[in-house]
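Q: Okay, handing you the structure first.
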Amino acid sequence: MNGQEIRDRLLHSYERSYDIVKPSEVNGHIYDACASYHESGAKYVLSKKAELWRISCHEHAYFKAVEELNEQDVEIFLTDLTEWIEPKVVREGKEVPDTDHMYTLVTGIFFADKPVADSVKKKIRKYRYYKNYRFSLRGYCQVRLLVFDTAEQKVFGNRAAWELVKGYAKMFRS
């Protein structure tokens, strides 16, 4: 199974809950797809006008299938993240997100057909991005990086993506 087949299989599983845009342009760079998920919850008394609290949670996943994943591909995504995704998608151009914002997860998912170099693996595994807004009163943003290495039939990612790695590693076992 190559990277594009895995990407299509993964996108198919995302279709039920996520809004998917194919292809997606971010800061002048083209990604194969962007999947967005938005969830909101509230607690109120007697009527919806007497709202006690409200939360909103978001997730944005950017998919990219490449023949060989190199450091430049990863750097382009990380630059897009800091220059465009976090300020324009997460904060919507404001100084901080809205008052009901709880968290936003941004996931970069790469699919590589050739084996991934050790330097790229190290860069991805060590990457951390966690930004809180107003001492977490306005929520936080966290970045997860995930790589499907189809040549070695392995999945790896950074520490924030460990749950995804654990779940998606089963794709290669079946």
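At position 6 of the sequence shown (counting the first as 1) the number is 6 in the working numbering, and the numbers step up by one without a gap. Where is the CB? At the ideal position from N, CA and C, for every residue including glycine.
I think E67 touches K123, with their Cβ atoms under 8 Å apart; what is that distance to the nearest whole Å?
A: Contact flag wrong, Cβ pair sits at about 19 Å.
Q: Quick one: grab the DSSP three-state call for M1.
A: coil
Q: Anyone know if the C-beta pair for A35 and Y44 falls short of 8 Å?
A: no
Q: Less than 8 Å separating the beta-carbons of V120 and E71?
A: yes
Q: Would you decide whether A151 is buried or exposed? Buried here means 16 or more other CB atoms lie within 10 Å of its CB.
A: exposed
Q: Closer than 6 Å by C-beta to I30: which residues in its own chain qualify, once you throw out the five before and the five after it? Chain order, please.
A: Around I30: P23.
Q: Can you tell me which of the three DSSP states K131 falls into?
A: strand
Q: Can you check which of these residues, Y130, F135, Y168, is closest to L81 by C-alpha distance?
A: Selected option, being the one with the closest Cα: Y130.
Q: Would you call the segment 137-145 and the segment 153-164 touching, i.e. three or more CB-CB distances under 8 Å?
A: yes
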